[in-house]
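Below is one structure, written out as structure tokens; comments come after it.
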Amino acid sequence: MSDWPLEDRGVAYGDGLFETVLVRDGTPLLWEQHLARLARGCRVLGMPLPAREHLEAPLVEAGAGLSVLKLILTRGSGGRGYALPETLEPRLRWRLDPFAPSAQRWRHGVRVRHCRLRLGIQPLLAGLKHLNRLENVLARAEWTNADTAEGLLCDAEGRLVEATCMNLFWQRDGVLETPRLDRCGVAGTLRVTLLERAPIREVDAAPETLERVEALWLGNSLQGLWPVARLDDAEGNPLRHWRVGPSHRPLQALAHEALGYPAITP
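So the sequence shown is residues 319 to 584, counted in our numbering.
Structure, rendered in structure tokens:
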């Protein structure tokens with residue numbers, strides 16, 4: 319992948335989109351869901367969607383085993399200030415790297431914390447994986463201890479949205495739920511898949527909700543589904559512990575089936 323020119327609008331303004339795709343033995347997983355999200359992003363931003371053969375071209379370089387393909391699509395260069403260029407020449411770049419999931423986290427679960435940062439509300443961009451990720455960068459900077467796997471984010475009105483790079487799922491009173499993503503946040507491709515395969519309700523919920531749930535998970539299309547064993551507040555003080563076990567496995571098995579990962583037994 320060549321260097322970006324300084325005048326590229328993705329570099330200058332975050333004017334673009336990206337996808338990170340798990341590739342197994344040269345086959346991209348959840349590929350149709352990734353393409354659908356990219357297409358929606360192109361419609362919202364008013365950019366042409368690259369031809370499918372151009373998006374799939376990097377896959378010829380994928381060897382055996384697992385790798386992660388990162389696709390970055392920008393509006394290209396041009397335009398004065400924030401004004402759009404008269405002629406659009408989008409720029410597509412990619413990178414392919416070896417990948418290994420955190421298998422220990424599948425079995426034993428993870429420790430997570432609430433973040434102080436609040437996500438801005440912008441319904442037009444809700445669900446998209448656009449290049450403006452500064453909020454996530456600042457949220458991730460809130461902790462440095464290696465024992466904490468992720469940070470949970472609320473929007474500016476105090477509703478749960480997501481983790482810094484994963485979606486949230488929980489079971490409350492026997493019902494599977496996930497935050498509604500119509501104001502902000504990224505609609506992950508694994509989330510889309512689980513909504514199709516399991517009876518998961520999309521809800522508005524306050525962060526205190528998580529202290530009353532029977533089980534909590536984080537997931538994305540690279541790592542699969544991690545059970546949460548411990549939830550901390552924004553200062554690192556424990557709020558709730560869960561014993562990871564049989565109640566966590568059915569939803570995890572659905573996620574791992576979609577990604578070709580092994581099912582985890584209690």
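Beta carbons: idealized from backbone N, C-alpha and C, even for Gly.
Give the DSSP bridge partners of residue i, in chain order.
i, result
"ALA481", "LEU470"
"PRO556", "ASP550"
"GLN496", "A quick correction: the sequence has Thr, not Gln, at residue 496. Answer by DSSP bridge pairing, in chain order: GLU520."
"GLN489", "LEU494, ALA533"
"HIS448", "LEU335"
Quick check on this structure: which residue in the options has the alpha carbon closest to the alpha carbon of residue i?
i, options, result
"ALA474", "GLU495, GLY438, ARG509", "GLY438"
"ALA523", "ASP491, ALA505, CYS472", "CYS472"
"PRO497", "PRO556, LEU536, ASN463", "LEU536"
"PHE417", "THR462, MET365, LEU384, GLU371", "LEU384"
"LEU499", "ALA444, ALA354, LEU373", "ALA444"
"GLY359", "LEU557, LEU442, ARG530, ALA573", "LEU442"
"TRP349", "ASP321, GLU325, LEU387", "LEU387"
Can you give me the start and stop residues for the beta strand (DSSP E) that residue i sits inside?
i, result
"GLY334", "334-342"
"THR583", "Segment: none, THR583 is in no beta strand (DSSP E) and carries neither H nor E."
"ARG515", "Premise fails: ARG515 lies in the alpha helix (DSSP H), 507-515, not in any beta strand (DSSP E)."
Using the Cα positions of residue i and residue j, report the straight-line distance between them to the nearest angstrom.
i, j, result
"MET319", "ALA547", "In this prediction, MET319 scores a pLDDT of 47, lower than 50, which makes its location untrustworthy; no coordinate-derived value is stated."
"LEU513", "ALA330", "35 Å"
"ARG501", "ARG398", "30 Å"
"GLU371", "LEU410", "12 Å"
"LEU402", "GLY554", "44 Å"
"GLU404", "GLY396", "8 Å"
"ALA467", "MET484", "11 Å"
"ALA576", "LEU347", "8 Å"
"GLN440", "LEU446", "11 Å"
"PRO408", "VAL339", "20 Å"
"ALA375", "ARG530", "47 Å"
"ASP343", "ALA380", "7 Å"
"LEU449", "ARG561", "37 Å"
Tell me which same chain residues have a C-beta within less than 6 Å of the C-beta of residue i, skipping the five on either side of it?
i, result
"GLY503", "VAL479, GLU480"
"ARG423", "TRP544"
"ILE390", "PHE336, ARG411"
"VAL510", "GLN351"
"GLU325", "SER395"
Which residues mark the beginning and the end of the alpha helix (DSSP H) in which residue i is found?
i, result
"LEU456", "452-458"
"ARG567", "567-577"
"GLY430", "Checking the displayed sequence, the identity of residue 430 turns out to be Val instead of Gly. Not the alpha helix (DSSP H): VAL430 falls in the beta strand (DSSP E), residues 428-437."
"ARG361", "349-363"
Identify, in the order they occur along the chain, each residue of the same chain with its Cβ nearer than 7 Å to the Cβ of residue i, setting aside the five sequence neighbours on each side.
i, result
"ARG425", "ILE582"
"SER420", "GLN541"
Taking 8 Å as the CB-CB limit, is residue i close to chain D?
i, result
"GLU480", "Going by chain labels, chain D is absent from the structure shown, which holds only one protein chain."
Excluding five sequence neighbours on each side, which residues of the same chain lie with their C-beta closer than 8 Å to the C-beta of residue i?
i, result
"ARG558", "LEU528, GLU529, ARG548, LEU549"
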